[in-house]
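For the sequence shown, this note's numbering begins at 1 and goes up steadily by one.
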Amino acid sequence: KRKGGRKQSDIYIHFDKVEDTPDFKRRRVKCKFCERNLKQDPKRMAKHLSKNCPNIPVQVKIDMEKEAEGKISNGTVGGVKYENLLPFNFKSLIQRWLDEDIPSFDVGGFVVGDKEEVAELYMKRSGTLAGCPFFEQVFTLLNCRVEWFSSDGQSWEISDKKKTIARVTGSCNNILAGERTALNVLSRCSGVATSANSTLKKKIECGWKGTVAGTRKTTPGFRLVEKYGLVVGGAATHRYDLSQMVMLKDNHIKSAGSVSDAVSKAKQMAGFSTKIEVEAGSYSTALSAAEAGADIVMLDNFHPNELKDTAKKLKDCFPAILIEASGGITDGTIVEYMSQYVDIISLGSLTQGYTCIDFSLKII
C-alpha cells in the first residue's frame, strides 16, 4: 500500500503496461478506456481517471469518488460497516414485523415441519443491494443462519440469469416464516438505494459538487429502512425527524406572522447546535430568511432557471448560507437544477416513488 492506505492495484487494474523497464521512472502504461499513454505514476493515473479520461465508465468514477470520501462498496463507510449506523432498537422493530405477520397459528409451517433446509436468496432485477442487516436479523430471530455472497452498496446488472446474494440455513418452518418479511424489507430498501445511486451517477456525470438528499416523505413505521437505503445508495438522509433540524415551512411562517419572527423564535429554542432551514417560494421570502439568520434556505418549486438566478443572488450577498433546491424534482429532471450556487437538491421521490427490486428465496 502507498500513503493513505489505498492499494496501487486499485488504480493499476484500469491500465495495461506499455513499457516494463528496470527504471521505474521510464515505465509507461495505457488506459484501458481511452488508450492514452502516460507515465506509470499512481497519482497521474488517478488524476487521469478522475478528470481527464473521456471514456471512463460511470460506475468506475463513482467507486473512485466513494473511495476518496472514505466510502467503499463492500458494505462499509471508511472501513466501518453500514449496519453499525443502526440503533439497537432496530431488532425490536423487526420483532414487531414478525409478530404482525404471525399473530396466531402458522399452518403452513406445521405442514413442512422443522427439518433443516437451505434456501438461496436471488436478486432478479438490476440495482443496488441494501438492507442486509434487516434481512439477516429476521432470520436471526428465527434461529436461522445467513451466509452472504454480496454486501450493502454493491450494484449488480442482472440480465437473464439471477444473482445469488445469500444462503439461509435453518428449520424449514422458520425459513418460510421469515421469508416474506425479509424479502419485503430487502426489496424496498434496495429500491431506495437504487434510486439514490441513479441520482448519484447523474451528479458525477455533470461534475456537480453538491449533495443529493432525500426528504421526510417516508413510510410511517418504515423510516429507518428507507433512510438506511438512502445512505447505502450514496444520498444524504436530510433531517431524520422533526427533532433533528428546524425547518420552517409556509404554514409555520403564516402562523408566526413573518419570516423574521419565525426564525427568531426558532433560534431562541434551538440554540447554537441546531440548524434552521426556511422554505421559500419566492426570492423575497428567501432574502428575508437569509437576513433573519437562517442557516439553510430551501427554494421550493422554482423553475430551474429562476432557481439558479435566485441562488446566485443569495450567494452573492450571503456566501455562507446553504441553498437547497426542492419541490417536484425527479431523477429525470435533477440535472436541470444542478448549479455551482446550489448546495443541496432534495427529492421526495427517493423514498416515495421508488421501484422495488425483485428478490426471491428458494429452498435448494
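Every residue gets a Cβ at the ideal spot worked out from N, C-alpha and C, and that includes glycine.
When only Cα atoms are considered, ALA292 and SER260 end up about 5 Å apart. Proximity to SER150 across GLY131, LYS265, VAL138 and VAL225 peaks at GLY131, based on C-alpha coordinates. Each residue's CA atom was taken as its position, placing GLU226 and PHE15 some 38 Å apart. Ranked by how close their Cα comes to the Cα of TRP148, the residues ASP160, MET123 and LEU142 have MET123 in first place. Residue pairing by DSSP puts SER360 in a beta bridge opposite TYR122.
With a cutoff of 8 Å on beta-carbon distance, LEU248 and VAL231 are scored as not near each other. Contact annotation: the region 194-213 does not touch the region 302-311, with fewer than three C-beta pairs closer than 8 Å.
Beta-bridge partners of CYS31 (DSSP): PHE15. When the beta-carbon positions are compared, ALA177 and ILE102 come within less than 8 Å of each other. Looking at the DSSP output, ASP300 sits in a beta bridge with SER326. Boundaries of the beta strand (DSSP E) around ASN37: 37-39.
Excluding five sequence positions before and after SER349, the CB atoms of its chain that fall closer than 6 Å to its own CB belong to THR330, given in chain order. Shown here, LEU49 sits in a helix according to DSSP, grouped into three states. With 16 or more other Cβ atoms inside 10 Å of its own Cβ, VAL29 counts as buried.
Here DSSP, grouped into helix, strand and coil, assigns SER346 to strand. Using a Cβ distance threshold of 8 Å, ASN174 and ASN197 do not count as a contacting pair. DSSP assignment within the region 130-198 yields the following whole alpha helix (DSSP H) runs of 4 residues or more, N-terminal first: 132-141. Inter-residue distance for TYR337 and LYS209 is about 13 Å (C-alpha atoms, whole angstroms). Burial check for ASP250: the Cβ neighbour count within 10 Å stays below 16, so the residue is exposed.
In the three-state reduction of the DSSP assignment, LYS81 falls in the strand class, which pools E and B. Residue state for ALA236 is assigned as strand, using DSSP reduced to three classes. The alpha-carbon of LYS267 is positioned some 55 Å away from that of ALA119.
The three-state reading of DSSP puts THR128 in strand, counting E and B together.
The beta-bridge partner set that DSSP reports for ILE276 consists of VAL246. The Cβ-Cβ distance between THR211 and ASP343 falls below 8 Å. With respect to ASP295, GLY327 sits apart: the two C-beta atoms are not nearer than 8 Å. With 16 or more other CB atoms across the displayed protein chains lying within 10 angstroms of its CB, LEU322 is buried. Linking TYR283 to LYS162 through their CA atoms gives a straight-line distance of about 51 Å.
A check of alpha carbon separations from ARG125 across GLN40, SER190 and THR169 identifies SER190 as the nearest. For ALA286, no beta strand (DSSP E) segment is defined; the enclosing uninterrupted segment is the alpha helix (DSSP H) at 283-292. In the displayed model, ALA256 falls within a helix according to three-state DSSP. Of TYR228, ALA290 and MET269, the smallest CA-CA separation from SER195 is found for TYR228. Here ALA320 carries a coil assignment [DSSP, helix/strand/coil]. Rounded to the nearest angstrom, the gap between the Cα atoms of LEU287 and GLU136 is 49 Å. Annotation for PHE222: ARG188 place their beta carbon closer than 8 Å to its own, counting only its chain and skipping 5 residues before and after. In this structure, the alpha-carbon of MET269 lies about 47 Å from that of VAL146.
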